[in-house]
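J.: Have a look at the structure that comes next, please.
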């Protein structure tokens, strides 16, 4: 069965999401930005969501996690919760 591990940063605006993505692309630490800016409880662990299978996350998030390249920050990804930056840290298909 497919499963993946991912981390994310959840914010309320697309503009903030884009700013954080630019910071990461410029060398900022993903986990540190997650701790400082994410509204998800996973912020305490640098945005780490652990390992999960298809269908365990909202569809928009799931689609990215099970199709995006590993270790490449994706986003903004809009869901009912806000805007996410998503990084797949591992995936077993």
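Residue numbers (the UniProt record's numbering): 1 to 93. A virtual CB, placed ideally from N, CA and C, is assigned to each residue, including glycine. Just so it is clear, the structure is predicted and the values come from calculations on it, not from any experiment.
Assuming residue 4 and residue 88 form a contact by the criterion Cβ under 8 Å, report the distance between their Cβ atoms to the nearest whole angstrom.
T.: Taking the first residue of the chain shown as position 1, residue 4 is located at position 4. Taking the first residue of the chain shown as position 1, residue 88 is located at position 88. Sure, about 6 Å apart at Cβ, within 8 Å.
J.: Buried or exposed for residue 94, please, with buried defined as at least 16 other CB atoms from any protein chain shown within 10 angstroms of its CB.
T.: No answer is possible for residue 94: it lies beyond the span of the chain, which begins at 1 and ends at 93.
J.: Since residue 38 and residue 47 should fall inside the 8 Å C-beta cutoff, what is the C-beta to C-beta distance between them, to a whole number of angstroms?
T.: Start at 1 with the first residue of the chain shown, and residue 38 comes out as number 38. Start at 1 with the first residue of the chain shown, and residue 47 comes out as number 47. Correct: roughly 6 Å between the Cβ atoms.
J.: Does DSSP classify residue 76 as helix, strand or coil?
T.: Translated into positions along the chain shown, residue 76 becomes position 76. If DSSP states are grouped into helix, strand and coil, residue 76 belongs with the strands.
J.: Is the separation between the beta-carbon of residue 82 and that of residue 33 shorter than 7 Å?
T.: Taking the chain shown and counting its residues from 1, the one referred to as residue 82 is at position 82. Taking the chain shown and counting its residues from 1, the one referred to as residue 33 is at position 33. No.
J.: Of all the options 65, 12, 13, 29, which has the alpha carbon lying nearest to the alpha carbon of residue 51?
T.: The residue labelled residue 51 in the question sits at position 51 within the chain shown. Among 65, 12, 13, 29, the Cα nearest to that of residue 51 belongs to 65.
J.: From residue 19 to residue 13, what distance separates their C-alpha atoms?
T.: Position 19 of the chain shown, counting from 1, holds the residue named residue 19. Position 13 of the chain shown, counting from 1, holds the residue named residue 13. Taking the straight line from one Cα to the other gives about 10 Å.
J.: DSSP state of residue 92, grouped into three classes?
T.: Looking up residue 92 in the chain shown gives position 92. Here residue 92 sits in strand by DSSP.
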